[in-house]
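Participant:
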Ligand code: CO8
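Numbering (UniProt numbering), first residue to last: 45 to 305.
#1: Going by DSSP, what residues sit across from residue 263 in a beta bridge?
#2: Quick one: give me the first and last residue of the alpha helix (DSSP H) that residue 287 is part of.
#3: Say yes only if the C-beta of residue 70 is nearer than 7 Å to one or more non-hydrogen atoms of ligand 1, and no if none qualify.
#4: With which residues is residue 120 paired in a DSSP beta bridge?
#5: Count the other C-beta atoms from every protein chain shown that fall within 10 angstroms of the C-beta of residue 214, then say buried if there are 16 or more, exposed otherwise.
#6: Going by DSSP, name the residue or residues bridged to residue 151.
#7: With distances taken from CA atoms, which of 206, 174, 170 is nearest residue 186?
#8: With a threshold of 16 other CB atoms inside 10 Å of the CB of residue 47, please say whether the residue is buried or exposed.
#9: If we require 4 or more residues per run, which alpha helix (DSSP H) segments fall completely within the segment 168 to 241?
#10: Let's see if you can read the secondary structure: which residues bound the beta strand (DSSP E) around residue 65?
#11: What residue from 86, 107, 106 has the CA that sits closest to residue 97's CA?
#12: Identify every residue that forms a DSSP beta bridge with residue 57.
#13: Give the DSSP-derived three-state secondary structure of residue 138 in the structure shown.
#14: In whole angstroms, what is the alpha-carbon distance linking residue 251 and residue 286?
#15: Nearest by alpha-carbon distance to residue 283: which of 254, 263, 202, 199 is it?
#16: Return the first residue and the last residue of the alpha helix (DSSP H) that residue 98 is part of.
#17: I need the straight-line Cα distance from residue 68 to residue 277, nearest angstrom please.
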């Protein structure tokens, strides 16, 4: 089922799946049907035998300008509470085990910024426009922004950003460690995101999934527990075939041919 209204799905490089948010008239505002489509596409990539890494992007003008303000405006507490509004947004953080790279150009505001923060690696243009402007609408971040942005930039900066609603640039995002890298142009951004995804797709699926899992654990666990968790997973990889294949290939100065086992 690849009949999507608000997104586009492709496999632009070997091993790489791409989801492009495609609601240009609303600057990719994240309405519920869009989020449902995104979750469906990511679930298909997760179970795909060919896709090994995922790129999530928008347009040059907007990654996503936030949750859909027109959809939220009339919402009541009881409706939001009983329908668990926004809960399904973070499905990707638990159900997608393959790495997701967000390629952010233009606006990444409110829920758009939060969506980027849910991914594993953010690449952006230097001029990208990140921010949590919810305070200007009389509300607060609702899809993890106050938690993930604070972990990314520290309390002082996060508090300032969330209380003032001021934007920060892609250049700042890179300097503060929110984004892994920033690029001068949209074309350079997309090329780098796809190339990185292709690089990751070239490694053992078992090792890649384990690496993503342990890095993400660092966000939830105290250091001692996290280090112990990492060691357990590290030990378990001696039970994989790919650890043998990778280390044998190194000794023989050959390229590893992964078994994914
Ligand atoms: N929701 C709905 N429609 C939007 C949104 C949005 N977030 N952002 C832009 N649009 C629409 C505009 O209404 C406009 O539509 P129309 O042509 O029908 O009037 C169209 O997109 C183009 O927008 P602009 O004309 O405003 O374009 P500009 O280039 O002049 O400005 C901006 C671009 C600066 C991005 C501006 O559109 C803007 O400020 N947008 C709102 C940004 C914002 O406040 N985002 C946060 C939303 S709140 C949020 O995300 C809370 C998250 C809570 C958890 C998640 C809940 C689901």
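Even glycine gets a Cβ: it sits at the ideal position worked out from N, Cα and C.
Facilitator: Taking the structure as given:
#1: BP columns for residue 263 are empty, so no partner.
#2: 285 to 295
#3: yes
#4: Residue 120 is not bridged to any residue.
#5: buried
#6: 106, 173
#7: 206
#8: exposed
#9: Given a length threshold of 4 residues, each whole run of the alpha helix (DSSP H) inside the segment 168 to 241 is given here in chain order: 189 to 197, 199 to 208, 214 to 219.
#10: Here the beta strand (DSSP E) through residue 65 covers 60 to 65.
#11: 86
#12: 60
#13: helix
#14: 8 Å
#15: 254
#16: Premise fails: residue 98 lies in the beta strand (DSSP E), 97 to 101, not in any alpha helix (DSSP H).
#17: Near 42 Å, if we compare the C-alpha coordinates of residue 277 and residue 68.
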